[in-house]
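Residue numbers (our numbering): 469 to 867.
For reference, the structure discussed in these notes is given below.
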């Protein structure tokens with residue numbers, strides 16, 4: 469069964485740009501959490517720390533797709549290096565302002581251009597699309613692998629960033645994040661033979677979000693992000709209410725483990741037809757996996773329920789990113805994938821915020837209702853939107 473992954477890594481340049489993606493995708497979560505830890509632990513101002521982190525996430529979500537739009541137009545090599553240079557300069561200025569005790573507003577001014585940080589995950593997904601050619605099976609396996617790497621990054625990056633800042637000095641986490649970004653971008657751009665070819669200006673008419681298909685898929689990613697963010701807050705609150713706050717890390721690790729295992733197994737399945745045709749099935753799996761979280765009330769049972777929930781969310785995540793490739797023009801693929809990634813990031817922030825308010829108002833016992841409700845709505849969007857998208861693609865191919 470693992471032959472599918474062996475075939476994948478036999479493709480030209482696959483091992484190199486996958487390695488670049490492993491390092492480069494650590495930069496985003498490491499930098500955001502590193503700044504949060506740096507500010508909160510040094511000053512004790514959790515409000516400033518949270519607001520500054522939110523500003524970083526919003527700037528990345530707003531500016532990141534524009535960076536990827538230039539990538540589609542001019543190519544990865546010509547855009548990624550300048551974009552990374554702007555990111556490093558702005559991030560360095562932010563860290564310097566903090567170190568020198570500059571006014572708070574200066575930190576937010578520096579946070580805005582940090583949003584030019586390239587979405588390394590979108591770049592590697594675009595490369596898979598280029599090297600997999602016309603093989604839907606290879607692309608399905610590749611995008612499953614990318615989902616595993618995304619989950620692994622969000623497991624490793626927070627722990628690594630916090631440990632660095634705790635053991636060395638407060639800015640160690642953010643500095644290492646910038647180092648990973650530089651190495652990842654250099655690795656991607658030094659070998660550019662398999663990068664997607666740039667597309668001319670005429671393929672960039674109008675906002676890419678004018679596409680009904682992309683709006684459905686970004687909405688699905690947004691909902692998935694709300695599930696992720698809501699589960700994080702609800703799990704921390706539940707562990708505290710059950711008397712063992714330290715268990716939250718293990719419980720969230722179970723959720724991530726379920727997603728990694730499910731994504732890996734999903735990539736081994738033999739697929740046929742358009743990925744949009746699989747969205748209704750993935751939606752049904754997702755909504756089923758949200759149910760156990762609402763019915764359990766002990767640490768052990770919650771951990772098992774989170775393992776199931778992670779496994780249930782993975783098929784939607786994989787299928788949604790694969791469907792982006794089919795519903796947008798090739799000349800706008802990197803931008804579209806970055807919008808999908810931004811949807812997840814914004815959803816995480818929104819889910820954490822809403823879940824936090826719900827827990828504060830009603831207690832930890834109902835904390836999982838936010839990700840449960842978000843999962844149900846997201847599944848409905850994926851199911852209904854997936855059927856409509858699939859019908860459109862089938863009709864287009866018959867013409």
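Yeah, the Cβ is synthetic: ideal placement off N, Cα and C, and Gly gets one too.
Assuming residue i and residue j make a contact with CB atoms under 8 Å, what is their CB distance in whole Å?
i	j	result
residue 461	residue 594	Residue numbering for the chain in the displayed model covers 469 to 867; residue 461 lies beyond these limits and cannot be assessed.
residue 689	residue 808	5 Å
residue 638	residue 510	5 Å
residue 597	residue 606	In fact, because the Cβ distance is near 10 Å, the residues do not count as touching under 8 Å.
residue 747	residue 854	3 Å
residue 691	residue 849	6 Å
residue 558	residue 586	With 8 Å as the limit, residue 558 and residue 586 do not qualify as a contact, their Cβ atoms being about 13 Å apart.
residue 693	residue 583	Contact doesn't hold; Cβ gap of about 17 Å is too wide.
residue 523	residue 488	Contact flag wrong, Cβ pair sits at about 28 Å.
residue 517	residue 507	4 Å
residue 479	residue 600	7 Å
residue 577	residue 646	Not really, about 18 Å apart at Cβ, beyond 8 Å.
residue 534	residue 591	So it is not a contact: roughly 15 Å between Cβ atoms.
Taking 7 Å as the cut-off, is the beta-carbon of residue i closer than that to any non-hydrogen atom of the ligand GDP?
i	result
residue 652	No copy of the ligand GDP appears in this structure; indeed no ligand is present at all.
Using a 10 Å radius around the Cβ and a threshold of 16 neighbouring Cβ atoms, would you call residue i buried or exposed?
i	result
residue 644	buried
residue 836	buried
residue 858	buried
residue 469	Low per-residue confidence applies at residue 469: pLDDT is 48, beneath 50, and the placement is therefore not dependable, though the value from the model is reported in the following sentence. Residue 469 is exposed by the Cβ-count criterion.
residue 631	exposed
residue 636	exposed
residue 762	exposed
residue 866	Confidence at residue 866 is low in this model, with a pLDDT of 47, below 50, so the placement of that residue should be treated as unreliable; the coordinate-derived value is given next. Answer is exposed; the Cβ neighbour count stays below 16.
residue 795	buried
residue 677	exposed
residue 750	buried
residue 571	exposed
residue 513	exposed
residue 530	exposed
residue 664	buried
residue 658	exposed
residue 502	buried
residue 770	buried
residue 550	exposed
residue 779	buried
residue 743	buried
residue 504	buried
residue 745	buried
residue 625	buried
residue 628	buried
residue 757	buried
residue 552	buried
residue 568	exposed
residue 680	exposed
residue 474	exposed
residue 766	exposed
Assuming contact is defined by CB atoms lying nearer than 8 Å, are residue i and residue j in contact in what I supplied?
i	j	result
residue 653	residue 548	yes
residue 661	residue 481	yes
residue 721	residue 707	no
residue 698	residue 820	yes
residue 682	residue 536	no
residue 622	residue 497	yes
residue 839	residue 702	yes
residue 485	residue 656	yes
residue 768	residue 730	no
residue 525	residue 842	no
residue 784	residue 754	yes
residue 666	residue 541	yes
residue 520	residue 575	yes
residue 827	residue 705	yes
residue 483	residue 618	no
residue 852	residue 651	no
So is residue i in contact with chain C if we call contact Cβ pairs under 8 Å?
i	result
residue 537	Absence of chain C from the displayed structure is noted, only one protein chain being present.
query: Within the chosen definition, does the segment 724 to 734 reach the segment 770 to 777 through at least 3 CB pairs nearer than 8 Å?
result: With three or more CB-CB distances shorter than 8 Å, the segment 724 to 734 counts as touching the segment 770 to 777.
message: When you compare the segment 826 to 844 with the segment 609 to 618, are there three or more beta-carbon pairs, one atom per stretch, that lie closer than 8 Å?
response: Judged by Cβ distances under 8 Å, the segment 826 to 844 makes no contact with the segment 609 to 618, as fewer than three pairs qualify.
Those runs of the beta strand (DSSP E) which lie wholly inside the segment 764 to 832 and span at least 3 residues: Taken in chain order, the segment 764 to 832 contains no complete beta strand (DSSP E) segment of 3 residues or longer.
task: Jot down the residue ranges of each uninterrupted beta strand (DSSP E) in the segment 628 to 689, minimum 3 residues, whole runs only, in chain order.
output: Segments of the beta strand (DSSP E) lying fully in the segment 628 to 689: there are none.
task: Quick one: which unbroken beta strand (DSSP E) runs of 3-plus residues sit fully inside the segment 597 to 627? Chain order, please.
output: For the segment 597 to 627, not a single whole beta strand (DSSP E) run of length 3 or above is found.
message: Please give the ranges of any alpha helix (DSSP H) in the segment 509 to 565, keeping only runs that are unbroken, at least 4 residues long and fully inside the region.
response: The segment 509 to 565 contains these whole alpha helix (DSSP H) runs: 514 to 542.
task: Enumerate, from N- to C-terminal direction, the unbroken beta strand (DSSP E) stretches of 3 or more residues contained entirely within the segment 711 to 760.
output: DSSP runs (the beta strand (DSSP E)) wholly in the segment 711 to 760: none.
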